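Asks: Residue 384 in the working numbering sits at position 212 of the first sequence, and the numbers go up by one each step.
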Amino acid sequence: MSGTRSFQAPKGTRDFYPPQMAVRRHIEEVWRRASIDCGFEEIDGPTFEHLDLYTVKSGEGIVSELFSFRRAGGEDDYALRPEFTPTLARMAAAKGSSLALPTKWFAIPSHFRAERPQRGRLREFFQWNVDVIGLGEPDGEVEVIEAAVLALERLGLDPHRVQVRLSHRDAVAALLTSLGTPEPSLPAAFELLDRFDRLPPDEFARRGEALGLDADSIARLRASVVAVQPMSEPAGAMAEAMGVTAAQLASIEPLQERLRRSGLLEWCTFDPGIVRGLAYYKGIVFEIHETGGAERAVAGGGRYDGLISLVGGPDLSACGMGMGDVVLSLVLRDRGLLPADEGESLLPRPDAFAVALSDDAAARLPSVLQGLRRAGLHARSSHRASRNLGKLLADANKCRARFAVILDAGVAEGSATVKDLASGEQSDVAIASLADELAARIAAESAR
RNA sequence: GCGACCGUAGCUCAGUUGGUUAGAGCACCGGAUUGUGAUUCCGGACGUCGCGGGUUCGAGUCCCGUCGGUCGCCCCA
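(1) Counting only runs that start and end within the segment 494–525, where is the alpha helix (DSSP H) found for 4 or more residues in a row?
(2) Is residue 174 helix, strand or coil when you go by DSSP?
(3) Beta-carbon separation of residue 473 and residue 452 under 8 Å?
(4) With a cut-off of 8 Å on the beta carbons, I'd call residue 527 and residue 440 a contact; round off their distance for me.
(5) Nearest by alpha-carbon distance to residue 458: which of 311, 464, 444 is it?
(6) Hey, residue 416 and residue 350 are a contact pair by Cβ (cut 8 Å); roughly how many whole angstroms apart?
(7) I'd like the list of long-range same chain contacts for residue 550, defined as Cβ closer than 8 Å, with 5 residues on each side in sequence excluded.
(8) Please report the distance separating the alpha-carbon of residue 423 from that of residue 365.
(9) Does DSSP put residue 402 in a helix, in a strand, or in coil?
(10) Buried or exposed: residue 593, going by 16 or more other Cβ atoms within 10 Å of its Cβ?
(11) Residue 563: buried (16+ other C-beta within 10 angstroms of its C-beta) or exposed?
(12) Is it buried or exposed for residue 250, if we count other Cβ within 10 angstroms and need 16 for buried?
(13) State the CB to CB distance for the pair residue 407 and residue 425, rounded to an integer number of angstroms; the pair is presumed to be in contact (CB under 8 Å).
(14) With three or more C-beta pairs closer than 8 Å as the rule, is the segment 264–277 touching the segment 381–391?
(15) According to the Cβ coordinates, are residue 286 and residue 239 closer than 8 Å?
(16) Which term fits residue 290, buried or exposed, when burial requires 16 or more other beta carbons within 10 angstroms of its beta carbon?
(17) Taking only runs of the beta strand (DSSP E) that begin and end inside the segment 556–583, which ones reach a length of at least 3 residues, in chain order?
(18) Taking the alpha carbon of residue 319 as the point to measure from, which residue in 368, 435, 295, 573 has its own alpha carbon closest?
(19) When we look at the beta-carbon of residue 560 and count the other beta-carbons within 10 Å, is it buried (16 or more) or exposed?
(20) Once DSSP output is grouped into helix, strand and coil, what is the label at residue 587?
(21) Expressed to the nearest angstrom, what Euclidean distance is found between the alpha-carbon atoms of residue 368 and residue 376?
(22) Check whether the Cβ atoms of residue 317 and residue 200 lie closer than 8 Å to each other.
(23) Just list the residues that DSSP pairs residue 252 with in beta bridges.
(24) Name, in chain order, the residues that DSSP records as bridge partners for residue 298.
(25) On a Cα-Cα basis, can you pick out the residue from 558, 327, 581, 403 that is closest to residue 536?
(26) Please classify residue 175 as buried or exposed, where buried requires at least 16 neighbouring CB atoms within 10 angstroms.
(27) Quick check on residue 463: does DSSP put it in helix, strand or coil?
(28) What's the call for residue 533, buried or exposed, on a 16-neighbour Cβ count within 10 Å?
(29) With a Cβ-Cβ cutoff of 8 Å, do residue 602 and residue 543 count as a contact?
(30) Less than 8 Å separating the beta-carbons of residue 313 and residue 475?
(31) Taking just the CA atoms, how far does residue 315 sit from residue 205?
Here's what the structure looks like:
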């Protein structure tokens with residue numbers, strides 16, 4: 173045929189065939205259940221927004237990282253959403269003072285970023301967003317972290333495999349100030365901290381000097397950043413290990429106490445190297461990492477008081493986090509927490525697989541299937557013409573059906589043979605009561 | 001935006017210094033046989049060698065470009 177072309181998926185996007193889709197749904201279902209169980213309500217917004225919504229938050233520099241577009245002949249600039257927080261802030265702002273506080277929302281939207289794909293980073297991905305509006309520090313943060321930890325736990329992870337690494341802008345600022353960082357250099361110093369583990373030691377020192385720190389201060393800063401502490405450590409001991417005064421860590425203590433009451437301490441680490449984007453986060457910031465240190469952050473979040481008023485709403489406090497599906501899937505795979513068959517075993521299992529061994533039986537097959545389906549059962553049949561029972565059962569087995577319904581000469585008397593594919597047992601059942609019989613057996617099975 | 005490596009049936013790969021009509025194993029489809037997820041047998045579809053140029057008598061093989069993939073850098077909301 174002339175005029176045909178072949179196509180590849182665009183760079184950094186994924187096709188979800190049934191097994192991959194089953195894995196995605198598995199993760200999304202855990203996210204959704206954990207959110208709901210923690211009292212969050214689901215929202216969604218548009219896949220694209222006015223470009224300005226993103227530049228007003230992140231600056232013009234963000235545009236090169238976005239998929240932005242203008243309708244042919246139009247004059248408005250739009251962008252596919254690279255994150256959900258601006259949409260959420262806009263939605264909260266639009267409700268104005270009618271928004272009941274606190275408001276706890278979650279969403280599982282797709283996001284788009286015009287970046288070069290690499291391990292843990294794609295151009296389209298799914299991200300679970302959990303946000304609390306109208307709760308101050310540290311209550312909002314702990315609500316968010318609690319939901320994240322619940323989901324990770326349900327996915328099979330534990331505090332030995334993942335840790336919530338927390339920091340506090342005020343504590344780190346106090347540390348930097350005590351080391352002699354001039355006030356105007358603080359943002360640059362945060363940036364330096366953020367790059368700590370990516371810079372060679374001498375380069376770190378050189379940049380520290382440029383910020384007005386002497387050699388002794390740089391050494392102390394390095395020591396503080398390296399001194400990652402379990403959140404379960406008493407604040408006094410933590411301060412000592414970091415070489416700071418207890419007063420400089422004062423902003424951590426309420427958080428620590430609140431995490432203790434929620435039983436989350438063992439999941440959490442204090443890590444002054446956690447900085448996150450400077451654009452709008454303040455106060456507590458955190459990332460969730462697998463403890464091996466091989467993968468990128470599984471999740472990140474913090475407090476963004478001021479963003480809602482920035483997009484025209486009331487001055488509301490807010491905090492939240494985002495957890496992407498890409499890194500999370502890598503971590504789950506690394507830890508053997510996803511099926512080795514890449515999702516086949518997560519596909520929905522048919523309750524019944526009907527096969528016909530004669531022309532008369534084949535004529536009855538559609539009505540038998542319809543009866544089962546109307547009763548709410550997942551029923552399939554083979555699409556092959558063969559009357560070879562061995563091959564037909566192989567089909568039933570391949571899609572992991574629970575029961576085979578064998579239609580043969582017995583259909584003349586209204587009877588079928590039901591074979592339990594797990595045990596191999598089989599028995600004759602009246603076709604009229606097939607759906608009830610199978611439903612009863614499945615109910616009994618799930619009750620065990 | 002920059003760099004490295006990679007691209008041959010659905011999958012895993014083979015394919016000699018460029019040389020007939022590009023192969024294998026799984027998987028797949030149809031059928032026969034044995035009425036029970038199996039075995040055996042017969043048959044089928046299997047690929048514009050990512051795509052496009054170039055060099056050559058001749059390109060899966062060499063060169064250039066491009067599109068994808070993988071992994072780094074930048075960035076990471």
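We treat Cβ as the ideally placed atom computed from N, Cα and C, and that holds for glycine. Because the structure is a prediction, the values reported are computed rather than measured.
Replies: The structure says:
(1) 497–506
(2) Position 2 of the first sequence, counting from 1, holds the residue named residue 174. Annotation note: pLDDT 35 at residue 174 (below 50); position unreliable, no value reported.
(3) Within the first sequence, numbered from 1, the residue matching residue 473 stands at position 301. Within the first sequence, numbered from 1, the residue matching residue 452 stands at position 280. Taking 8 Å as the Cβ cut-off, residue 473 and residue 452 do not qualify as a contacting pair.
(4) Your numbering for residue 527 matches position 355 in the first sequence. Your numbering for residue 440 matches position 268 in the first sequence. The Cβ separation is near 55 Å, so there is no contact.
(5) On the first sequence, residue 458 is found 286 positions in, with the first residue counted as 1. Looking at the Cα atoms, 444 is the closest of the given residues.
(6) In the first sequence, residue 416 corresponds to position 244, counting from 1. In the first sequence, residue 350 corresponds to position 178, counting from 1. With 8 Å as the limit, residue 416 and residue 350 qualify as a contact, their Cβ atoms being about 7 Å apart.
(7) Taking the first residue of the first sequence as 1, we reach residue 550 at position 378. Answer for residue 550: 520, 521, 522, 523, 524, listed in chain order.
(8) Position 251 of the first sequence holds residue 423. Position 193 of the first sequence holds residue 365. Going by the C-alpha atoms only, they are around 19 Å apart.
(9) For the purposes of this step, residue 402 is taken as the residue at position 230 of the first sequence. If DSSP states are grouped into helix, strand and coil, residue 402 belongs with the strands.
(10) Counted from its first residue, the first sequence places residue 593 at position 421. Buried is the call here.
(11) In the first sequence, residue 563 corresponds to position 391, counting from 1. Flag for residue 563 reads exposed.
(12) Translated into positions along the first sequence, residue 250 becomes position 78. Residue 250 should be labelled buried.
(13) Taking the first residue of the first sequence as position 1, residue 407 is located at position 235. Taking the first residue of the first sequence as position 1, residue 425 is located at position 253. About 5 Å separates the two Cβ atoms, so the contact holds.
(14) no
(15) Within the first sequence, numbered from 1, the residue matching residue 286 stands at position 114. Within the first sequence, numbered from 1, the residue matching residue 239 stands at position 67. Against a cut-off of 8 Å, the Cβ pair of residue 239 and residue 286 comes out as a contact.
(16) Here the question's residue 290 lines up with position 118 in the first sequence. With fewer than 16 Cβ atoms within 10 Å of its Cβ, residue 290 is classed as exposed.
(17) 575–579
(18) By one-based count along the first sequence, residue 319 stands at place 147. Per the Cα distances, 435.
(19) Sequence index remark: in the first sequence, residue 560 carries index 388 (1-based). Exposed.
(20) The residue given as residue 587 occupies position 415 in the first sequence. Residue 587: strand per DSSP, three-state reduction.
(21) In the first sequence, residue 368 corresponds to position 196, counting from 1. In the first sequence, residue 376 corresponds to position 204, counting from 1. Going by the C-alpha atoms only, they are around 7 Å apart.
(22) In the first sequence, the residue the question calls residue 317 occupies position 145. In the first sequence, the residue the question calls residue 200 occupies position 28. No, these two residues do not count as a Cβ contact at 8 Å.
(23) What you label residue 252 is simply residue 80 of the first sequence in a count that begins at 1. BP columns for residue 252 point to 220.
(24) Here residue 298 is taken as the residue at index 126 of the first sequence, counted from 1. Paired residues: 282.
(25) Your numbering for residue 536 matches position 364 in the first sequence. Checking every option, the nearest Cα to that of residue 536 belongs to 581.
(26) As a working note, residue 175 is residue 3 in the first sequence. With a pLDDT of only 42 at residue 175, under 50, the local geometry of the prediction cannot be trusted, and no value is derived from it.
(27) Counting from one through the first sequence, the residue named residue 463 turns up at place 291. Residue 463 falls in the coil class under three-state DSSP.
(28) On the first sequence, residue 533 is found 361 positions in, with the first residue counted as 1. Burial call: buried.
(29) What you label residue 602 is simply residue 430 of the first sequence in a count that begins at 1. What you label residue 543 is simply residue 371 of the first sequence in a count that begins at 1. No, the pair does not count as a contact, with Cβ atoms beyond the cut-off.
(30) Here residue 313 is taken as the residue at index 141 of the first sequence, counted from 1. Here residue 475 is taken as the residue at index 303 of the first sequence, counted from 1. Their beta carbons are under 8 Å apart, which means residue 313 touches residue 475 by this criterion.
(31) As a first step, residue 205 is located in the first sequence; it is residue number 33 there, counting from the start. As a first step, residue 315 is located in the first sequence; it is residue number 143 there, counting from the start. Cα-Cα distance, rounded: 15 Å.
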